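Colleague: Dropping the structure in here first, questions after.
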Ligand SMILES: O=C(O)C[C@@](O)(CF)CCOP(=O)(O)OP(=O)(O)O
């Protein structure tokens with residue numbers, strides 16, 4: 001019983017920031033992302049009755065004990081859900097430049113979910129795959145689908161209504177995401193810890209939640225109307241509000257470095273010159289710039305003039321999960 005799947009990473013335009021249930025990975029708020037074409041994870045899973053424990057290989061190497069444990073705990077959720085009781089060999093290859101601020105957990109857990117379930121031979125819906133991937137990493141919930149994807153937070157405390165739904169298919173709106181990799185290698189506060197500390201201690205967190213539904217509605221309307229200005233203004237403001245919550249945490253923290261501000265200033269200058277570009281930032285110093293194809297080259301030219309910019313990856317809207325020959 002073996003299968004292989006590919007899943008792409010995604011960039012949130014309305015951020016998932018905070019859990020209401022850590023065990024089931026239930027979010028405090030709904031979120032919305034774009035799946036990207038360029039970066040993905042390929043994972044194969046082979047269940048074998050003879051194995052006495054799971055074996056996880058990452059990029060060709062046996063993974064660390066900590067990674068083995070995380071994957072095995074997650075695979076047991078899939079075993080319970082599908083009724084399969086054997087161990088498996090898992091091989092994952094990440095085609096994701098984590099140095100550019102892309103979380104490989106989104107594509108990683110989505111690909112693992114798709115390959116593992118396929119290997120069991122049990123047919124599940126994309127909605128069920130999304131609910132399973134959510135329990136590996138929240139942002140993986142969205143990588144089951146391509147295009148523009150909403151992760152509905154759901155109301156039920158068992159998570160049965162917390163999954164992703166496709167909003168717009170790949171190819172229905174051709175936008176660009178420019179991932180700007182800056183030089184700093186600051187110590188990273190992983191998003192799981194960052195959001196937990198913020199939920200538990202930041203007085204600004206309630207303000208974040210109060211504006212989420214309005215942001216989400218505005219962004220979904222912008223998508224329906226293909227209104228790039230409204231999309232950009234909404235996503236940029238949402239990212240800024242997310243990062244504002246961390247400043248009020250105990251102890252306070254900030255993901256931005258001086259290089260981050262340099263990129264943000266150039267984006268604002270571009271807009272003053274009439275070139276529409278908007279930025280979003282996740283749990284790190286790197287900036288992702290969203291623009292329309294016609295402005296891509298002028299924006300890249302301007303960004304490459306910043307001496308602390310290491311590399312710029314150009315991404316387009318990408319696909320949902322696909323199954324590969326072994
Ligand atoms: O992607 C977004 O919506 C916004 C973030 O990237 C942060 F900016 C959060 C991603 O969190 P994730 O790594 O999925 O956390 P997990 O559920 O604890 O594994």
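In UniProt numbering, the protein residues as written are 1 to 326. Built from N, CA and C at the ideal position, the CB exists for glycine as well. Treat the numbers as computed from the prediction; the structure is a model and nothing was measured.
1) Mark residue 66 as exposed unless 16 or more other C-beta atoms lie within 10 angstroms of its C-beta, in which case mark it buried.
2) Could you tell me the boundaries of the alpha helix (DSSP H) in which residue 22 lies?
3) In its own chain, which residues sit with a C-beta less than 6 Å from the C-beta of residue 245, not counting the 5 before and 5 after it?
4) Which residues bound the alpha helix (DSSP H) around residue 76?
5) Counting Cβ pairs, one atom from each stretch, are 3 or more of them under 8 Å apart for the stretch 160-172 and the stretch 180-198?
6) If distances are taken between C-alpha atoms only, which option among 188, 194, 279 and 240 comes closest to residue 211?
7) Within the continuous alpha helix (DSSP H) that includes residue 109, where are the two ends?
8) For residue 205, name the three-state secondary structure that DSSP assigns.
9) Rounded to whole angstroms, what is the Cα-Cα separation between residue 234 and residue 187?
10) Could you give the distance in angstroms between the alpha-carbon of residue 268 and the alpha-carbon of residue 312?
11) Threshold first: 3 residues or longer. Then list the beta strand (DSSP E) segments lying entirely within the stretch 143-226, N to C.
12) Whose C-beta lies closer than 6 Å to the C-beta of residue 165 among residues of the same chain, with five residues either side of it excluded?
13) Short of 7 Å in beta carbon distance, which residues of its chain neighbour residue 304, apart from the five on each side in sequence? Order them along the chain.
14) Quick one: what does DSSP say residue 301 is sitting in, helix, strand or coil?
15) Measuring only from the beta carbon, is residue 16 closer than 7 Å to any heavy atom that is part of ligand 1?
16) Cα-Cα, which of 260, 278, 192 and 300 is closest to residue 229?
17) Using 7 Å as the cut-off, classify the Cβ of residue 20 as near or not near the heavy atoms of ligand 1, replying yes or no.
18) How would you write the range of the alpha helix (DSSP H) that residue 132 sits in, first residue to last?
19) Are the stretch 55-72 and the stretch 5-25 in contact at 8 Å, needing three or more beta carbon pairs?
20) I think residue 396 touches residue 287, with their Cβ atoms under 8 Å apart; what is that distance to the nearest whole Å?
21) Consult DSSP for residue 266 and reduce its assignment to one of helix, strand or coil.
22) Does ligand 1 have even one heavy atom less than 7 Å from the beta-carbon of residue 197?
23) Taking buried to mean at least 16 other C-beta atoms within 10 Å of its own C-beta, is residue 92 buried or exposed?
24) So what does DSSP say about residue 44, is it helix, strand or coil?
25) Which same chain residues, not among the five before or five after residue 106, have their C-beta less than 6 Å away from its C-beta?
Modeller: Looking at the atomic coordinates:
1) With fewer than 16 Cβ atoms within 10 Å of its Cβ, residue 66 is classed as exposed.
2) Counting along the chain, residue 22 falls outside any alpha helix (DSSP H), and DSSP gives it neither H nor E.
3) 198, 202, 204, 205 and 208
4) 65-82
5) no
6) Distances from the alpha-carbon of residue 211 to those of 188, 194, 279 and 240 put 240 closest.
7) 104-120
8) helix
9) Here the C-alpha atom of residue 234 lies approximately 29 Å from the C-alpha atom of residue 187.
10) Approximately 18 Å, taken between the alpha carbons.
11) 148-152, 163-168 and 176-182
12) Non-local C-beta neighbours of residue 165 in its own chain, meaning closer than 6 Å and more than five positions away in sequence, comprise 150, ordered along the chain.
13) 312
14) Here residue 301 sits in helix by DSSP.
15) yes
16) In terms of Cα proximity to residue 229, the closest of 260, 278, 192 and 300 is 278.
17) Residue 20 Cβ: outside cutoff for every heavy atom of ligand 1.
18) 126-134
19) no
20) A query on residue 396 cannot be resolved here, the shown segment of the chain reaching from 1 to 326 and no further.
21) helix
22) no
23) buried
24) strand
25) Within the same chain, 9, 10, 139, 140 and 143 come within 6 Å of residue 106 by CB-CB distance, once the 5 residues on both sides are set aside.
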